[in-house]
Amino acid sequence: MTRFSAPTASTIEHIARFAERGNPNLLFAGVSVSDESAQLGYLLSRMHYPIRTKYYTCFANSFEEAISGAVKLARHTARAKGSVGTAILVDRDGRIAQHYNPTRLAAHSDLVPGLEVVADIAAASRLLDESHVPPAALVYIVEEDIDVCELRRLVARCAELGVMSIGCDDRDLSRAVASGRFQISTVKFDVHAYGEALTNRMLPFGAFVMTPRAYKIWNHPINALAHSSTFGANGIALSLAITTLRAADAVDHADEVVFDLITKDPQSRNRYFEDHVNPQAAIWLQAFGIDIDIQTAFGADMALGCGRRILDMAGGTGANLRGHNPSDISDLTDWFDPSTDYIGKLQRSLHELTGYSEIYCAVSGATAVETAIALARLALPDRPKILTFDGNFAGKTLLPLSFSRNGPQRSATISDPFRPYSESVIYADPWAHDAVLNIEAILDDREIGLVWFECVQGMSCKAIPQDVLDLVDSMRRSRHFLVGIDEILSGVWRSGDDFFAHSSKMRPADIVTIAKPFSDMATPVGLVLTTPQVAVNAHNYFPAAAARLADQYRNQLTAAIAFNALTAVDNDEAHALRKQQTKELREGLDRICAESSVLSKVIGDGLHIRLEMNRRFFPQRSNSTLTQLVEGSLQDLVLRDCGVIVAQMRLFPPLFMPEGTAARVVEAMQGVTQISVPRVYINSFVGVARGLRLTVSHVLRRSPPRSWGRRISAGWARQGYFRRVASPLVKIDRLMAATTDERFSLTRLGRIPSLTLTVTCLERSNAEAVRLVYAQRRGSTYVAGTNFGRPTHPVWASLLARSGKCETAIAGRSTSHNARILTGDEREVALAYLDEVWQGYSDYDRVSGRPSYVFELSNAGQTGHSAES
735 MTRFSAPTAS
745 TIEHIARFAE
755 RGNPNLLFAG
765 VSVSDESAQL
775 GYLLSRMHYP
785 IRTKYYTCFA
795 NSFEEAISGA
805 VKLARHTARA
815 KGSVGTAILV
825 DRDGRIAQHY
835 NPTRLAAHSD
845 LVPGLEVVAD
855 IAAASRLLDE
865 SHVPPAALVY
875 IVEEDIDVCE
885 LRRLVARCAE
895 LGVMSIGCDD
905 RDLSRAVASG
915 RFQISTVKFD
925 VHAYGEALTN
935 RMLPFGAFVM
945 TPRAYKIWNH
955 PINALAHSST
965 FGANGIALSL
975 AITTLRAADA
985 VDHADEVVFD
995 LITKDPQSRN
1005 RYFEDHVNPQ
1015 AAIWLQAFGI
1025 DIDIQTAFGA
1035 DMALGCGRRI
1045 LDMAGGTGAN
1055 LRGHNPSDIS
1065 DLTDWFDPST
1075 DYIGKLQRSL
1085 HELTGYSEIY
1095 CAVSGATAVE
1105 TAIALARLAL
1115 PDRPKILTFD
1125 GNFAGKTLLP
1135 LSFSRNGPQR
1145 SATISDPFRP
1155 YSESVIYADP
1165 WAHDAVLNIE
1175 AILDDREIGL
1185 VWFECVQGMS
1195 CKAIPQDVLD
1205 LVDSMRRSRH
1215 FLVGIDEILS
1225 GVWRSGDDFF
1235 AHSSKMRPAD
1245 IVTIAKPFSD
1255 MATPVGLVLT
1265 TPQVAVNAHN
1275 YFPAAAARLA
1285 DQYRNQLTAA
1295 IAFNALTAVD
1305 NDEAHALRKQ
1315 QTKELREGLD
1325 RICAESSVLS
1335 KVIGDGLHIR
1345 LEMNRRFFPQ
1355 RSNSTLTQLV
1365 EGSLQDLVLR
1375 DCGVIVAQMR
1385 LFPPLFMPEG
1395 TAARVVEAMQ
1405 GVTQISVPRV
1415 YINSFVGVAR
1425 GLRLTVSHVL
1435 RRSPPRSWGR
1445 RISAGWARQG
1455 YFRRVASPLV
1465 KIDRLMAATT
1475 DERFSLTRLG
1485 RIPSLTLTVT
1495 CLERSNAEAV
1505 RLVYAQRRGS
1515 TYVAGTNFGR
1525 PTHPVWASLL
1535 ARSGKCETAI
1545 AGRSTSHNAR
1555 ILTGDEREVA
1565 LAYLDEVWQG
1575 YSDYDRVSGR
1585 PSYVFELSNA
1595 GQTGHSAES
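So for the sequence shown, the numbering used here puts the first residue at 735; every next one is plus one.
Set out below in structure tokens:
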């Protein structure tokens, strides 16, 4: 059964208006600074810790992708400490566990090893206590009803052992959100993961929200790219998530003010992105001038806030079929029919075009690879080993990581940061002088069930040598293994005249993945194409698992956009123009490289293009830090001098460009011939200096001096001796406040929000005023009768519980209130707000052995005057 709901009229309208306004939706692979990512990152942080601490958010395309990212973070953190990367997964119904290891094979054949699955908190606690070496993470999948106290004890135990706690909640927002805050945020996990519920189950979405402490390992210029995704920062999905949270009453006026500021001011956008999404990406994109203020984007053209117009050749890192915001996306409300089976239409069109009759839907390139690998395992369950090639990239979620381990991207400062990897995956170097002999020896193993690779590797644009392809093609006949090819970046006419890059090099693969261009730069999508035999064998071995793979990502809306895009371009006229524009662009780029001192040649086929830097002057290793710096420097200079955006020296123009686009790109890129080698290096040093300055600024802004009151709260409030001296301190505070008309008190000097409360009570006309710490949020004031963890309720709380009325004085301003006792989720949220002001509230119930009264004070009217006026 699919996780997605039928799209509502408001969702269709949302997508259409987004495109009509020309909003930029995709630029770089998940790390571009955008209004939507800054806004949603801020909002998710505020919904977890609304007072001071700023959480970070990574965006993904599904609930499982978000969990993958969180587990990766825990593994990376553990590996940096020299520990293991195992994780305990508390998953009562086993749905998430089945996603990561969908077959019934032996544990040593796990596609995602290192996950110990248990059904409940008690079993997880026993595993923690019995582990000789603590795991890297504990992952808790939230059920419909949760025991907050039990969860807090589990999280506290994780903290004692140095285990990263991860809370994962994909319940509908009516259950997951209370009083403008996520319910599980009151448990204070290190990481919180969310899924498609945030888009009302209309579009693919995932996010994981991290405390600064948990995020620390990734707050590094190299480690910052440890988790990214082509569609992860998709503006349509992110803005829909904000709209959904707004409908759930999680967005207030203060949030709207921040949203407006982010939209209107690029510097504010950068700051909020830096504070709540990816600080290193924000810093280094700013340092090299790639934090672009895009106002509108249509086709390959972008209009900037400064009035300049530029050409986009980054193209969502390959998602560029027709360019930004095609006109028929703006007309989505006119042609989308909810009763039409667009998945069926897309399947029939692809069958006619490619010969593959079976398709499986996905939400990204990584999820397409996950589905493809799982299908191969199910089709040949007794042959668990998989061969792949050095330089292969399959994605950054947990399963594909085993196929990206020797890939081209350097996204960590340590080796193998995400161990353990699958023991079933075997690597071979296809460019070694004895590659054919080595690969032949590997394929002689009768346990090899799948050979999985990119026919043209996406980052380097290098094709696998033909003799290696010939060997694989010939041995599959006699050894009967499957061949799976990742065409996510090279397919859909990107690498030449054929739909698939491998079509002219070998027989059709048994399994093929495609993704990026089918998004039409709009909504996340991925597809797996297979032969009927693979689908039948998978179903015969494990019908439930095969059905789950077939159904889990079915989404008629994203299929409609993909089918519409394919229909629009698959005609003779469009193909003729594509070939003409491709030829013109490549010939022009060849001439520019011949004249340039910084570039040497064009690598790749068709419109899968990489501009090779001149190794005479730039001899460093291809994935070294220095290479990334000089490529970033040249990318900055190309944007400044030529008005063209490129992605790590790769060009991803629209596959179907309007006539004249290639000539405009070639004319603009002529400016590269004027860029000198010294200028590239000088700009690198200037960029590094600018980045270091921004880093210092970020650290200082993220670490303001704490008040002495907060220091007491953090260090002493939970200690027994503090509870013994609390009463005298409260009396001194009350005396100071009373004698100075609220101008001075211990709490006021310590910058701790405090008030004087008097219960309006008939039975005690001379009720004594009390001094209390309070928290405010969304127009309400919260106080609690904790009595500092003593076994009895304070007198004032018992009276207020009966009376329901009181008066407060804050800085001399008196206000009458109606008081309401909070219970359930509302009480937990209010306690969390109070705990952020005075760290100790969450412990007082446990110490006292009774639930404290927690009150919400709503204004009944103001009296008196302001002592500060």
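A virtual CB, placed ideally from N, CA and C, is assigned to each residue, including glycine.
- Excluding sequence positions up to five before and after Asp1207, its CB lies within less than 6 Å of the CB of Met1240, Arg1241, all in the same chain and listed in chain order.
- At least 8 Å separates the beta-carbon of Ile1555 from that of Phe1522.
- Closest in C-alpha terms to Gln1029, from the list Asn1059, Ala1016, Leu1184, Gln1382, comes Asn1059.
- Per DSSP, the continuous beta strand (DSSP E) segment holding Phe1032 begins and ends at 1028 to 1032.
- Per DSSP, the beta bridge partners of Thr1490 are Arg1505, Ala1543.
- Under the DSSP assignment, His1085 falls in the alpha helix (DSSP H) whose first and last residues are 1076 to 1088.
- In the three-state DSSP reduction, Tyr789 falls in the coil class, being neither helix nor strand.
- Residue ranges of uninterrupted beta strand (DSSP E) with 3 or more members, entirely inside the stretch 1041 to 1081 and ordered along the chain, are 1043 to 1046.
- Taking 8 Å as the upper bound for CB-CB distance, Pro1258 and Ala975 are not in contact here, some 13 Å apart.
- Taking all protein chains in view, the Cβ of Val1190 is crowded by 16 or more other Cβ atoms within 10 Å, so the residue is classified as buried.
- Every alpha helix (DSSP H) stretch that sits fully inside the stretch 1347 to 1397 and reaches 4 residues is listed by chain position as 1359 to 1376.
- Here Ala1471 is near Arg1505, since their CB atoms are less than 8 Å apart.
- The DSSP assignment places complete alpha helix (DSSP H) segments of no fewer than 4 residues inside the stretch 1237 to 1322 at 1266 to 1275, 1277 to 1285, 1290 to 1303, in order along the chain.
- As for any beta strand (DSSP E) of minimum length 3 sitting wholly inside the stretch 1122 to 1172, the runs are 1159 to 1162, ordered along the chain.
- Under the three-state reduction of DSSP, Phe1478 is assigned to coil, being neither helix nor strand.
- Contact between the stretch 1152 to 1167 and the stretch 1185 to 1203 is present: three or more C-beta pairs spanning the two stretches fall below 8 Å.
- Linking Ala1108 to Lys998 through their CA atoms gives a straight-line distance of about 46 Å.
- Residue environment for Met735: exposed (fewer than 16 other C-beta atoms within 10 angstroms of its C-beta).
- In terms of Cβ geometry, Ala1100 and Gly1129 form a close pair [threshold 8 Å].
- For Asp903, the secondary structure class from DSSP, reduced to helix, strand or coil, is strand.
- The DSSP-derived three-state label of Leu862 is helix.
- When the five nearest sequence neighbours on each side are left out, the beta carbons in the same chain lying within less than 7 Å of the beta carbon of Ala853 are those of Arg826, in order along the chain.
- The shortest C-alpha to C-alpha distance from Arg1536 to any of Ile1343, Asn1552, Arg1547 is the one to Asn1552.
- Residue environment analysis places Ala1566 among the buried positions, since at least 16 neighbouring C-beta atoms fall within 10 angstroms of its C-beta.
- By alpha-carbon distance to Ser817, the top candidate from Phe1152, Ala1269, Ala1284 is Phe1152.
- Secondary structure of Asp1559 (DSSP, three-state): helix.
- By DSSP's assignment, Tyr1094 forms a beta bridge with Val1262.
- Annotation for Trp1530: the continuous alpha helix (DSSP H) segment containing it runs 1529 to 1537.
- Per DSSP, the continuous alpha helix (DSSP H) segment holding Gly1099 begins and ends at 1099 to 1113.
- An exposed status is given to Leu1087, since fewer than 16 other beta-carbon atoms sit within 10 Å of its beta-carbon.
- DSSP lists Ala871 as the beta-bridge partner residues of Met898.
- Here Leu1223 carries a coil assignment [DSSP, helix/strand/coil].
- In this structure the stretch 1283 to 1301 touches the stretch 1080 to 1099; the number of beta carbon pairs closer than 8 Å is three or more.
- Rounded to whole angstroms, Met1047 and Val867 show a C-alpha spacing of 49 Å.
- Under DSSP, Leu1205 shares a beta bridge with no residue.
- According to DSSP, Lys1335 shares a beta bridge with Glu1346.
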